[in-house]
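In my numbering, the protein residues as written are 1 to 231.
What follows is one structure encoded as structure tokens, with my remarks underneath.
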Amino acid sequence: MVNLGLFSGSKTSNSVTVSFKIPYYTHWGQNLLVCGSEPVLGSWNVKKGLLLRPSHQGGELIWSGSLPVPAGFNCEYSYYVVDDAKNVLRWETGKKRKLVLPNGVQSGQLVELHDLWQTGSDDLPLRSAFKDVIFRRSCSLIVEGSFESVPSVLDHGDSVVVQFRICSPIIEDDTSVYVIGSTSKLGEWKTENALKLNYAGESVWVAESVIKKDEFPIKYPLLFHSRHHIF
1 MVNLGLFSGS KTSNSVTVSF KIPYYTHWGQ NLLVCGSEPV LGSWNVKKGL
51 LLRPSHQGGE LIWSGSLPVP AGFNCEYSYY VVDDAKNVLR WETGKKRKLV
101 LPNGVQSGQL VELHDLWQTG SDDLPLRSAF KDVIFRRSCS LIVEGSFESV
151 PSVLDHGDSV VVQFRICSPI IEDDTSVYVI GSTSKLGEWK TENALKLNYA
201 GESVWVAESV IKKDEFPIKY PLLFHSRHHI F
């Protein structure tokens with residue numbers, strides 16, 4: 001699964017605004033809420049979490065909400081389905097999500113997190129039975145880095161930084177992961193110019209790219225390159 005984080009350059013305050021967005025269909029009387037490890041997200045007390053608001057966008061029901069955080073902010077968080085009294089009706093399975101603001105995100109900028117609801121099957125390959133038995137192998141992958149500094153081009157407000165993220169424990173040690181797509185920053189479908197993802201540990205590969213807003217929507221698949229194959 002690729003997770004998108006859109007970082008825009010509109011400066012309005014002395015803090016960074018983080019916006020959560022997730023598509024999810026609820027029943028009458030149900031709401032979506034985000035709760036996390038830091039006090040601003042309730043310190044895992046769901047009743048103190050951030051209640052999201054629904055809106056119809058195309059054929060989807062999108063839940064969204066925003067809050068101010070200091071530059072350099074990081075936390076873990078998850079989404080919950082709650083009733084009107086914020087009693088938990090359903091929650092995501094799998095690992096807690098991690099939010100780490102990239103180096104270079106400054107006060108006044110907006111960070112949009114575009115997530116998908118995690119179901120029980122999403123984290124099966126990451127459970128010990130899979131990692132230690134089915135996918136057991138000697139791993140020599142080295143962590144290549146995490147977030148890069150966000151370029152000053154964001155100050156102009158005409159570009160966003162898109163974060164591409166994939167989690168898979170079955171990628172072999174000699175395989176590199178790329179994103180190839182319709183924009184110049186993604187190679188314009190030329191494999192030699194594709195964007196390479198860096199290994200960030202825990203079977204996760206990440207990369208970021210500055211893309212102009214007028215180039216959206218973008219189209220892209222993942223590309224896997226080993227010594228013997230491209231697929």
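Even glycine gets a Cβ: it sits at the ideal position worked out from N, Cα and C.
- In the assembly as shown, E208 is a buried residue. Its beta-carbon has 16 or more other beta-carbons within 10 Å.
- The three-state secondary structure of S184, taken from DSSP, is helix.
- Look at E38 here: in three-state DSSP terms it is coil, with no helix or strand label.
- The DSSP assignment places no complete run of the alpha helix (DSSP H) inside the region 61 to 108 (cut-off: 4 residues).
- Under the DSSP assignment, I211 falls in the beta strand (DSSP E) whose first and last residues are 204 to 212.
- Closest in C-alpha terms to D158, from the list S66, Q109, G58, T191, comes Q109.
- By the CB criterion at 8 Å, S66 and V16 fall outside the cutoff.
- For K21, the secondary structure class from DSSP, reduced to helix, strand or coil, is strand.
- Taking the CA atoms as reference points, G59 sits about 30 Å from Y178.
- Per DSSP, the unbroken beta strand (DSSP E) holding L113 starts and ends at 110 to 114.
- Between T175 and F224, the C-beta spacing is below 8 Å.
- In the DSSP assignment, I166 falls within the beta strand (DSSP E) that extends over 159 to 167.
- 8 Å or more divides the Cβ of L32 from the Cβ of Y77.
- Boundaries of the beta strand (DSSP E) around S55: 53 to 57.
- Residue pairing by DSSP places K196 opposite Y178 in a beta bridge.
- Looking only at L113, K212, I180, the smallest Cα-Cα distance to P102 is reached by L113.
- A straight line joining the alpha-carbon of N198 with that of T26 spans about 36 Å.
- Just measuring C-alpha positions, the residue of E92, S168, D173 sitting nearest S226 is D173.
- Contact between L50 and L41 holds, with the beta-carbon distance rounding to 6 Å and staying under 8 Å.
- Between V160 and K98, the CB-CB gap reaches or exceeds 8 Å.
- Around the beta carbon of F164, a 10 Å sphere encloses 16 or more other beta carbons of the protein chains shown; the residue is thus reported as buried.
- A direct Cα-Cα distance of roughly 12 Å separates P39 from P68.
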